Amino acid sequence: MRQVPGTPVVISPIDKIINWARAGSMWPVTFGLACCAIEMMATGASHFDLDRYGIIFRATPRQADVLIVAGTVTKKMAPIVRRVYDQMPEPKYVIAMGSCACSGGIFKTYSVAQGADEFLPVDIYIPGCPPRPEALLFGLLTLQQKIKREAKKWGFWR
120 MRQVPGTPVV ISPIDKIINW ARAGSMWPVT FGLACCAIEM MATGASHFDL DRYGIIFRAT
180 PRQADVLIVA GTVTKKMAPI VRRVYDQMPE PKYVIAMGSC ACSGGIFKTY SVAQGADEFL
240 PVDIYIPGCP PRPEALLFGL LTLQQKIKRE AKKWGFWR
């Protein structure tokens, strides 16, 4: 922040303030596809207390800004996951949780998508089969840091 000489006006980097507020109030949509969803539920329980980081799971994509793809995505389920992503308001982020969501996992078949990045822009990859709740928490905190560093690419006033 800096003050304009001779005036009582203080200029602040509004983008940093907005990014700080957005990073402190991430709302992921609960969308579990396989066994990684159990670890996602464990992360949301009281032992890890995501509320202290401002992370509150939402049941509808219209209120969420983070999509956690947790588990195996089949080719038949991929359009539905994409529809959920499209229903989310901007700015929105995607976390691929588990080796199945990152790269297809052990399922190298015709019916399984070989990673969520085939049909979604993934921001954070969390490997593991299934990843521990600490890994998901670390991924969410990494996404918070990414949001804080984000350049201005959004906004209705620009």
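Numbering-wise (my numbering), the sequence shown opens with residue 120 and increments by one.
Backbone N, C-alpha and C fix where the C-beta goes; we use that ideal spot for every residue, glycine too.
All of these numbers come straight from a predicted model, not from anything done at the bench.
Boundaries (first-last residue) of the alpha helix (DSSP H) holding residue i
i: L259; result: P252 to K267
i: V200; result: A197 to Q206
i: A142; result: I133 to A142
i: A161; result: C155 to T162
Own chain residues within Cβ distance below 8 angstroms of residue i, not counting five before or after
i: Q233; result: S222, G223 and K227
i: L169; result: T162, G163, I175, F176, L256 and L259
i: Y204; result: P180, L186, K211, V213 and L239
i: T193; result: S230, V231 and A232
i: R141; result: D184, P210 and I266
i: A235; result: V188, V192, V200, V213, A215, A220, C221 and V241
i: K195; result: S230
Beta-carbon separation (whole angstroms), residue i vs residue j, contact threshold 8 angstroms
i: I243; j: G217; result: Not quite, the Cβ-Cβ distance comes to about 12 angstroms (not below 8 angstroms), so this is no contact.
i: A215; j: V188; result: 5 angstroms
N- and C-terminal bounds of the beta strand (DSSP E) containing residue i
i: I70; result: Shown here, the chain extends from 120 to 277; a query on residue 70 therefore has no answer.
i: I245; result: I243 to I245
i: V231; result: Neither: V231 is in no beta strand (DSSP E) and is coded neither H nor E.
i: V192; result: Per DSSP, V192 belongs to no beta strand (DSSP E) and is neither H nor E.
Residues near residue i by beta carbon distance below 7 angstroms, same chain, minus five either side
i: K265; result: D242
i: W276; result: With a pLDDT of 48 at W276, under the threshold of 50, the modelled position of this residue cannot be trusted; read the value that follows with caution. No residues qualify anywhere along the chain.
i: G151; result: M159, A189 and G190
Residues of its chain near residue i, where Cβ-Cβ distance is below 6 angstroms and the 5 sequence neighbours each way are ignored
i: Q184; result: Note that residue 184 corresponds to Asp in the displayed sequence, not to Gln. Counting only Cβ-Cβ distances below 6 angstroms, and skipping sequence neighbours, we find W146 and K211.
i: V148; result: R177, P180, A183 and L186
C-alpha gap between residue i and residue j, whole angstroms
i: I130; j: M207; result: In this prediction, I130 has a pLDDT of 47, which is less than 50 and means its spatial position is unreliable; what the coordinates show is noted afterwards. C-alpha separation (whole angstroms): 32 angstroms.
i: G143; j: P252; result: 19 angstroms
i: D134; j: E209; result: 15 angstroms
i: A220; j: M160; result: 17 angstroms
i: C248; j: R268; result: 30 angstroms
i: C154; j: G190; result: 6 angstroms
i: W139; j: R171; result: 15 angstroms
i: L262; j: A254; result: 12 angstroms
i: F167; j: P250; result: 15 angstroms
Residue i at chain B interface by Cβ criterion, 8 angstroms
i: K265; result: Absence of chain B from the displayed structure is noted, only one protein chain being present.
Validate contact between the region 235-254 and the region 198-205 using beta carbons, cut 8 angstroms, 3 pairs:
yes
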